[in-house]
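Count along the sequence shown from 1, then add 445; that gives the number in the numbering used here.
Even for Gly, the Cβ is constructed at its ideal location relative to N, Cα and C.
Please read these numbers as outputs of a predicted model, since none were measured by experiment.
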Amino acid sequence: MEMPFALTGKVALVTGGSRGIGWTISRALAAAGAHVVINGRDAKALDARVAELAAEGLAGSAAAFDVGDEAGIVRAVEQTVERHGHLDIAVANAGINHRVPLTEFATADFQRVLDVNLNSYFILAREAARPMIRQRGGRIIVVASMMGQIARPGIAAYVASKGGAAALTKALAVELGEHGITCNAICPGFTRTDMTQIMQDNAEVTTWVESRTPLRRWADPREVASVAVFLASEGASYITGHSLNVDGGFAINA
Ligand SMILES: NC(=O)c1ccc[n+]([C@@H]2O[C@H](COP(=O)([O-])OP(=O)(O)OC[C@H]3O[C@@H](n4cnc5c(N)ncnc54)[C@H](OP(=O)(O)O)[C@@H]3O)[C@@H](O)[C@H]2O)c1
């Protein structure tokens with residue numbers, strides 16, 4: 446039986462692809478055969494990532510912009526389609542957290558987290574949907590979080606944005622299904638990246654994560670990236686509107 450997980454000839458755009466989960470997804474998509482347009486705010490860091498891909502014989506290019514800037518997303522999708530003729534996979538991944546007690550949570554900080562973690566996902570999906578509708582197919586992958594299904598104190602904006610991202614995924618799926626476009630969310634658990642470095646550095650928090658997670662450890666970003674490759678592939682052709690937890694069982698552990 447043929448294993449339909451190759452992405453040969455596909456073009457992908459990954460927001461927040463310079464570090465952490467987004468970089469690992471970018472590399473995994475490229476390793477599966479896609480040309481990956483990697484986004485982030487730091488142009489030099491992106492160029493270094495593109496060079497890393499090239500050194501492995503993989504195809505990628507950089508698109509430096511802040512996902513809080515709508516015009517940046519619009520331009521990146523347009524340029525990708527101009528250069529490659531198509532856009533097959535859009536991964537909405539760029540994300541930030543802001544950790545502060547609710548009573549000290551400034552409205553501007555709440556808004557900033559929503560702009561990056563949710564509004565940019567909507568804008569990317571809308572812009573990517575246009576060429577995908579013309580192509581009669583595509584994959585939209587949203588990186589949400591188990592912290593959208595469950596919550597922890599001090600991260601109200603993050604939890605709201607991630608719950609919203611999973612709900613947005615369903616809205617996209619029901620609207621875009623007739624065009625052959627699937628839309629799914631990945632919900633990682635605690636994953637070793639820069640975002641969680643402050644938690645990893647705290648022995649008490651690390652022990653808590655390990656003891657609460659049925660698999661008794663943190664996730665490696667590669668364990669999230671492989672799921673993105675699956676969702677982007679023909680192997681996931683009949684899956685849409687789904688939120689797939691990659692959390693070592695954390696969210697179902699009473
Ligand atoms: N790590 C976890 O435990 C975990 C768990 C569940 C979900 N997630 C989600 O997974 C996604 C990736 O998280 P991560 O842990 O890999 O985070 P990370 O290590 O902090 O990396 C974040 C990435 O997003 C980019 N980014 C941040 N703000 C941006 C902006 N305004 N415009 C463009 N790019 C921006 C960063 O690049 P620049 O700073 O160079 O722009 C970087 O490439 C996020 O959506 C996060 O919420 C993470």
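{"Query": "Local conformation of proline 633 per DSSP, three classes", "Result": "strand"}
{"Query": "Reduced DSSP secondary structure (H/G/I, E/B, other) of arginine 584", "Result": "strand"}
{"Query": "Per-residue DSSP class, three states only, for threonine 658", "Result": "coil"}
{"Query": "Whether valine 481 touches valine 459 by CB criterion (8 angstroms)", "Result": "yes"}
{"Query": "Contact test: methionine 577 Cβ vs ligand 1 heavy atom, cutoff 7 angstroms", "Result": "no"}
{"Query": "Near ligand 1: methionine 640 beta-carbon under 7 angstroms from a heavy atom", "Result": "yes"}
{"Query": "Distance between threonine 548 and alanine 475 (C-alpha atoms, nearest Å)", "Result": "44 angstroms"}
{"Query": "Reference arginine 544; option with closest CA among Ile697, Arg597, Phe695", "Result": "Arg597"}
{"Query": "Segment limits, beta strand (DSSP E) that includes alanine 404", "Result": "It is not possible to answer for residue 404, since the shown part of the chain is limited to 446 through 699."}
{"Query": "Nearest to phenylalanine 567 (by Cα), restricted to the options Pro659, Lys607, Asp492, Trp653", "Result": "Lys607"}
{"Query": "Integer Cβ distance of glycine 540 from valine 588, believed to fall under 8 angstroms", "Result": "7 angstroms"}
{"Query": "Nearest residue (CA-CA) to alanine 490, options Gly462, Val654, Asp514, Arg662", "Result": "Gly462"}
{"Query": "Which listed residue (Arg579, Phe550, Leu613, Ala553) has its alpha carbon closest to that of leucine 569", "Result": "Leu613"}
{"Query": "Euclidean distance between Cα positions of proline 546 and glutamate 655", "Result": "24 angstroms"}
{"Query": "Supposed close pair isoleucine 470, alanine 681 - CB separation, criterion 8 angstroms", "Result": "Actually they are not in contact, since the Cβ atoms of isoleucine 470 and alanine 681 sit about 14 angstroms apart, beyond 8 angstroms."}
{"Query": "Cβ pair histidine 624, arginine 581 closer than 8 angstroms", "Result": "yes"}
{"Query": "Alpha-carbon to alpha-carbon, isoleucine 534 and glycine 583", "Result": "6 angstroms"}
{"Query": "Any non-hydrogen atom of ligand 1 closer than 7 angstroms to alanine 493 Cβ", "Result": "no"}
{"Query": "Cα-Cα separation, valine 526 to proline 576", "Result": "8 angstroms"}
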